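With the first letter of the sequence shown counted as 1, position 178 gets the number 171 in the working numbering; the numbers rise by one all the way through.
Glycine included, each C-beta is placed from N, C-alpha and C at the ideal position.
All values reported here derive from a predicted model rather than from experimental measurement.
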Amino acid sequence: MQKELIKIRDLYVEYKSSNGILGKNKTIYAVNGISLDIYKGEILAIAGESGCGKSTLAKAILKLETAKNGDICFENSNILKLDKKQVKEYRKKVQMIFQNPYASLNPKMKIIDTLKEPLKINTNLSEIEITKNIEEKIALVGLDKNCLNLYPHEFSGGQRQRIAIARALMLEPEFILADEPVSALDVSIQAQIINLLKDLKEKYNLTFLLITHDLSVIKFLADRIAIMYLGEIVEIGTNTEIFSNPKHPYTKALLSSAPQITKNNIDKLTLNGDLPSPSNPPLGCKFHTRCPFAMQKCHEQKPQEANLSDSHKVNCFLYNK
Ligand code: SF4
């Protein structure tokens, strides 16, 4: 049986808009009552359009965004209730790989110093132990130890992302949040980094939350996929369940936009209109303004979660008995 590393229950995250197209000081309902388990050793991907709340959910797990309500339990302790010292311990176990390896490394620091930093701050290891650790991690990501005295600008984009991954591994975390880990890289390099993440997960039983808009990356890497729409999870299932047997109209529309990976095995749907503003979400099923199957009750009531299998769940009246 799969063991949960992270349990999220009834999580709400809201914040005020600063300015821009939404206007100033509007409440953004970014995460609306999400409950989700992330199992030890899996890659769970969150898919959805920009503005669906996936990055806010990720920030809440990292404690970079404050939850309004709900619980996030990591190994059974609620991270929303940790004191300062406990937060420091938590942050050692949870690391992040950023989208842009160009911006995520300090251009003025040699690679060895970048990799040393988390060990110096968080451990009592000796210099010899630190060097050994760094050499192990840099080999793990497929780079030679001779590169350690170079600066970030002396590397290609793919090599920089390998270094960023090595840095994320320095404290031997249990959970890694990968936010668009290959989208800033050349297509020719993307496959190498995707393969590296898959190898690391398999060799070290690491747990990943993968945030990306790239469905081909999700199909290759993810064990399970949660589909998010306006702050809610509308469907969740295994890789096969989502890619071969999607049920929610929104999931079908998302997959229809990537015909090269779904081929002809799903009903094709085209999305009408834009994503409604997260500051003024529709009542009832939030997808009703764009759904070709919307019924009267979809405008008025929220659909309950329907269990299609132990792992496959969908929130849509078409599947409510
Ligand atoms: Fe469409 Fe209704 Fe299902 Fe929502 S509940 S996805 S509006 S059919």
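{"Check": "C-alpha gap between TYR95 and ALA159, whole angstroms", "Outcome": "15 Å"}
{"Check": "Under the three-state DSSP convention, the category ASP207 falls into", "Outcome": "coil"}
{"Check": "Buried versus exposed, by CB contacts within 10 Å (16 or more), ASN25", "Outcome": "buried"}
{"Check": "Under 9 Å between C-beta atoms of ILE235 and ILE220", "Outcome": "yes"}
{"Check": "Neighbour-count burial assignment, HIS292, 16 or more Cβ in a 10 Å radius", "Outcome": "exposed"}
{"Check": "Collapsed DSSP secondary structure at GLY230 in the structure displayed", "Outcome": "strand"}
{"Check": "Assigned exposure category for PRO285 - 16 Cβ within 10 Å defines buried", "Outcome": "exposed"}
{"Check": "Touching by the beta-carbon criterion (3+ pairs, under 8 Å), the stretch 179 to 199 and the stretch 17 to 31", "Outcome": "no"}
{"Check": "TYR243: CB within 8 Å of a non-hydrogen atom of the ligand SF4", "Outcome": "yes"}
{"Check": "Reference TYR222; option with closest CA among LYS245, PHE213, ASP172", "Outcome": "LYS245"}
{"Check": "Beta strand (DSSP E) segment containing ALA299, residue limits", "Outcome": "298 to 300"}
{"Check": "Euclidean distance between Cα positions of LYS74 and VAL6", "Outcome": "15 Å"}
{"Check": "For VAL307, the three-state DSSP class (helix, strand or coil)", "Outcome": "strand"}
{"Check": "According to DSSP, residues forming a beta bridge with ARG2", "Outcome": "ASP64"}
{"Check": "Spatially closest choice to GLU225 from ASN265, ASN198, GLU120, PHE280, by CA coordinates", "Outcome": "PHE280"}
{"Check": "Beta strand (DSSP E) segments (min. 3 residues) lying fully within the stretch 38 to 103", "Outcome": "62 to 67, 87 to 90"}
{"Check": "Test item: CB-CB of ILE114 and ILE156 under 9 Å", "Outcome": "no"}
{"Check": "Rounded C-alpha distance that separates GLU82 from GLU167", "Outcome": "12 Å"}
{"Check": "Residue from ASP303, GLU165, THR282 with nearest C-alpha to ARG84", "Outcome": "GLU165"}
{"Check": "Per-residue burial, LYS52 [other beta carbons within 10 Å of its own, 16 or more giving buried]", "Outcome": "buried"}
{"Check": "Option in ARG153, LEU268, VAL80, LYS240 with minimal Cα separation from ILE90", "Outcome": "ARG153"}
{"Check": "Burial state of HIS241 (16 or more Cβ within 10 Å)", "Outcome": "buried"}
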